[in-house]
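Undergrad: After the structure tokens below, expect a handful of questions from me.
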Amino acid sequence: MTTPLLTIPLTDDLFRGALELERTGRGVQPHRLPGWARRQLPDPQLLMAEAQPSGVRLVGRTRATRIELDSLPTRVTYVGAPARPDGVYELLVDGEPAGRATVDGGDVLAIDPTTGAREVRPGAPGTVTFADLPDRDKTVELWLPHNELATLVGLRADAPVEPVPADGRPVWLHHGSSISHGSNALTPTGTWPALAARAAGVDLVNLGFGGSALLDPQTARTMRDVPADLVSVKIGINIVNGDTMRLRAFTAAVHGFLDTIRDGHPRTPLLVVSPLLCPIHEDTPGPGAFDPSSFGSGPVRFMATGDPAEVPAGRLTLTVVRDELRRIVAQRRQEDLLLGYLDGRELYGADDAAAHPLPDALHPDAATHRVVGERFARLAFGPGGALAGA
């Protein structure tokens with residue numbers, strides 16, 4: 000006889016990794032930026048990125064052998080480009096993988112990369128089911144997709160699900176670009192921050208925002224106010240490929256960003272991470288753009304369109320950014336010994352680019368996410384690492 004399923008309320012204390020829950024007529028939408036920041040930064044790219052729940056998961060204690068989640072996804076497609084993989088919902092039982100699933104249906108956001116035009120085609124919710132789970136008391140973590148919006152409509156199980164109190168693990172707060180967000184990773188636990196967090200035994204809050212790591216003061220104020228034991232910021236690639244600053248403004252913005260974080264975390268280990276190697280932008284400024292020659296012929300690739308001759312006038316490349324970040328951290332460490340620096344090329348460098356080139360010339364593939372996550376865990380959290388203290 001099948002055990003009837005119980006409706007499990009989607010209460011705030013079931014969620015990890017979300018900073019705010021928006022309850023609408025369609026369901027519960029997790030956010031990774033608070034409402035005041037979203038209102039001050041109504042940029043469509045940022046609003047899409049922060050609402051994609053990278054690192055967000057439902058965590059509970061239960062004897063359930065069957066769990067069902069109704070979800071309304073919003074999938075992003077680019078006109079003229081191959082369809083992107085559907086977002087994956089991933090279940091862990093006592094920390095070990097126990098199933099993956101995708102949701103049928105949902106809304107579709109179609110973006111024309113040549114004009115920026117956007118069109119939303121509405122759809123219906125779908126359901127992911129995880130069955131035949133161990134019949135014992137256990138901790139379950141249901142990780143939401145890192146690469147598509149997920150409005151949660153309902154949660155059911157064949158036994159009660161209770162919230163899990165904090166387990167004493169250090170909370171790691173990280174901010175970065177689409178690479179930290181998880182672009183090209185295949186699963187939510189396969190993003191490099193999720194992999195590094197698991198290897199280091201820390202509790203992740205991932206504020207990686209695709210296309211939107213721009214030293215926004217609203218992001219710094221958000222990080223200032225989030226309780227955390229360890230903090231890291233990965234700075235540079237979006238500022239270069241967005242061509243958003245010159246060197247003078249960049250220097251001031253980095254100092255201001257770090258100052259604001261320090262206002263809320265004065266004695267917290269804080270690590271500044273420079274960009275991974277990205278050959279198109281090492282010595283060529285932005286803006287970055289879609290390479291039109293790649294349209295219709297497979298994965299869309301990126302290209303750099305700036306003029307290297309303008310670097311002496313303040314145009315930014317990744318080489319310039321790394322040199323300036325290293326200088327800024329060295330200067331600040333005279334008064335802040337809990338501030339560290341990690342060159343992103345130690346996570347993905349020239350040898351890696353030769354063996355595992357970036358598929359779209361900008362983002363690492365799933366296997367490279369694993370390499371970056373393992374190296375970050377060793378270099379940042381391991382012996383002598385800037386985040387090892389907690």
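Numbering (numbering that gives the first Met the number 0), first residue to last: 0 to 389.
Beta carbons: idealized from backbone N, C-alpha and C, even for Gly.
Predicted model only: the values in this text are computed from it and were never measured.
If you run the structure through DSSP and keep just helix, strand and coil, what is L132?
TA: Sequence index remark: in the sequence shown, residue 132 carries index 133 (1-based). Looking at L132 - three-state DSSP - the assignment turns out to be coil, as it is neither helix nor strand.
Undergrad: Give the straight-line distance between the Cα atoms of R83 and N146, rounded to the nearest whole angstrom.
TA: Counting from one through the sequence shown, the residue named residue 83 turns up at place 84. Counting from one through the sequence shown, the residue named residue 146 turns up at place 147. Cα to Cα, the separation comes out at about 9 Å.
Undergrad: What beta strand (DSSP E) runs, 3 residues minimum, are completely inside the stretch 77-140?
TA: As far as the stretch 77-140 is concerned, its whole beta strand (DSSP E) runs of at least 3 residues are 88-92, 95-100, 106-110, 117-120, 125-129.
Undergrad: In the DSSP assignment, find the alpha helix (DSSP H) that holds F256 and state where it starts and stops.
TA: Sequence index remark: in the sequence shown, residue 256 carries index 257 (1-based). Taken as a continuous stretch (DSSP letters only), the alpha helix (DSSP H) holding F256 covers 246-263.
Undergrad: Could you tell me how far apart the beta carbons of I110 and V75 are, in whole angstroms, since I believe they sit closer than 8 Å?
TA: Here the question's residue 110 lines up with position 111 in the sequence shown. Here the question's residue 75 lines up with position 76 in the sequence shown. Going by Cβ atoms, the distance from I110 to V75 rounds to 6 Å, so yes, they are a contact pair.
Undergrad: So, helix, strand or coil for P314, using DSSP?
TA: Residue mapping note: residue 314 aligns to position 315 of the sequence shown, counting from 1. Going by the sequence as given, residue 314 is Arg instead of Pro. Here R314 sits in coil by DSSP.
Undergrad: For E95 versus T186, is the C-beta spacing smaller than 8 Å?
TA: Looking up residue 95 in the sequence shown gives position 96. Looking up residue 186 in the sequence shown gives position 187. No.
Undergrad: Start and end of the beta strand (DSSP E) containing V230?
TA: One-based indexing of the sequence shown puts residue 230 at position 231. Start and end: 229-233.
Undergrad: Could you tell me the distance, in whole angstroms, from the CA atom of D131 to the CA atom of V58?
TA: On the sequence shown, position 132 is the one that residue 131 refers to. On the sequence shown, position 59 is the one that residue 58 refers to. Their Cα atoms are separated by approximately 18 Å.
Undergrad: Thinking C-alpha only, which one of P72, V87, A80 is nearest P106?
TA: Here residue 106 corresponds to residue number 107 of the sequence shown, with the count starting at 1. What sits at residue 106 in the sequence shown is Asp, not Pro. For the residues P72, V87, A80, the minimum Cα distance to D106 belongs to P72.
Undergrad: To which residues does DSSP link R15 through a beta bridge?
TA: Looking up residue 15 in the sequence shown gives position 16. Beta-bridge pairing links R15 to R56.
Undergrad: Of all the options P112, P216, F129, T304, which has the alpha carbon lying nearest to the alpha carbon of V78?
TA: As a working note, residue 78 is residue 79 in the sequence shown. Answer by Cα proximity: P112.
Undergrad: With H, G and I counted as helix, E and B as strand and the rest as coil, what does DSSP make of F208?
TA: Position 209 of the sequence shown holds residue 208. If DSSP states are grouped into helix, strand and coil, F208 belongs with coil.
Undergrad: If we count the other Cβ atoms within 10 Å of its Cβ and call it buried at 16 or more, is A353 buried or exposed?
TA: Mapped onto the sequence shown, residue 353 falls at position 354. The residue is exposed, with fewer than 16 neighbouring Cβ atoms inside 10 Å.
Undergrad: Rounded to the nearest angstrom, how far is the Cβ of H425 from that of V319, given a contact under 8 Å?
TA: In the structure as shown, the chain starts at 0 and stops at 389, and residue 425 therefore has no counterpart that could be examined.
Undergrad: Give me the residue from P268, P363, G200, T101 with the minimum Cα distance to V232.
TA: Residue numbering aside, residue 232 sits at position 233 when the sequence shown is read from its first letter. Nearest option by C-alpha distance: P268.
Undergrad: Assess contact between the stretch 258-275 and the stretch 213-222, defined as three or more Cβ pairs (one per stretch) separated by less than 8 Å. Is contact present?
TA: Verdict: yes, contact present.
Undergrad: Starting from Y347, follow its DSSP beta bridges and name the residues at the other end.
TA: Counted from its first residue, the sequence shown places residue 347 at position 348. Paired residues: none, contrary to the question.
Undergrad: Is A149 helix, strand or coil by DSSP?
TA: Here residue 149 refers to the residue found at position 150 when the sequence shown is read from its first residue. Of the three classes helix, strand and coil, the one that applies to A149 here is strand, per DSSP.
Undergrad: Can you give me the Cβ contacts of P81 inside the same chain, cut-off strictly under 6 Å, excluding the 5 residues immediately before and after it?
TA: In the sequence shown, residue 81 corresponds to position 82, counting from 1. Cβ within range, chain order: n/a, list empty.
Undergrad: Please state whether DSSP places S273 in a helix, a strand or coil.
TA: Along the sequence shown, read from residue 1 onward, the residue named residue 273 stands at position 274. The answer is coil: DSSP assigns S273 none of H, G, I, E or B.
Undergrad: From A312, S273, L141, pick the residue whose C-alpha is nearest to that of V328; which is it?
TA: Mapped onto the sequence shown, residue 328 falls at position 329. Among A312, S273, L141, the Cα nearest to that of V328 belongs to S273.
Undergrad: Who are the near neighbours of G200 in its chain, counting only those whose CB is closer than 7 Å to its CB and skipping five residues on each side?
TA: As a position in the sequence shown, residue 200 is number 201, starting the count at 1. The answer, listed in chain order, is R168.
Undergrad: What three-state label does DSSP hand L45 in the structure shown?
TA: Stepping through the sequence shown from its first residue, residue 45 is reached at position 46. Of the three classes helix, strand and coil, the one that applies to L45 here is helix, per DSSP.
Undergrad: Give every residue of the same chain whose Cβ lies closer than 6 Å to the Cβ of G339, excluding the five residues on either side of it in the sequence, and list them in chain order.
TA: As a first step, residue 339 is located in the sequence shown; it is residue number 340 there, counting from the start. Taken in chain order, the residues that qualify are L270, A385.
Undergrad: Leaving aside the five residues before and after L13 along the sequence, list all residues of the same chain whose C-beta is less than 7 Å from its C-beta, in chain order.
TA: To locate residue 13, count along the sequence shown from 1; it is residue 14. The answer, listed in chain order, is L57, V58, G59, P162.
Undergrad: Under three-state DSSP, which class holds I66?
TA: The count along the sequence shown starts at 1 and reaches residue 66 at position 67. DSSP places I66 in strand when its eight states are reduced to three.
Undergrad: If we ignore side chains and look at the alpha-carbon of each, how far apart do W191 and F301 end up?
TA: As a working note, residue 191 is residue 192 in the sequence shown. As a working note, residue 301 is residue 302 in the sequence shown. So the two alpha carbons sit approximately 21 Å from each other.
Undergrad: Pull up the distance between the alpha-carbon of A387 and that of L194, whole angstroms please.
TA: For the purposes of this step, residue 387 is identified with residue 388 of the sequence shown, where counting begins at 1. For the purposes of this step, residue 194 is identified with residue 195 of the sequence shown, where counting begins at 1. Looking at the two C-alpha atoms, the distance is approximately 16 Å.
Undergrad: Kindly indicate which three-state DSSP category V320 falls into: helix, strand or coil?
TA: Mapped onto the sequence shown, residue 320 falls at position 321. Looking at V320 - three-state DSSP - the assignment turns out to be helix.
Undergrad: Between which two residues does the alpha helix (DSSP H) containing E373 stretch?
TA: As a working note, residue 373 is residue 374 in the sequence shown. Per DSSP, E373 belongs to the alpha helix (DSSP H) from 365-375.
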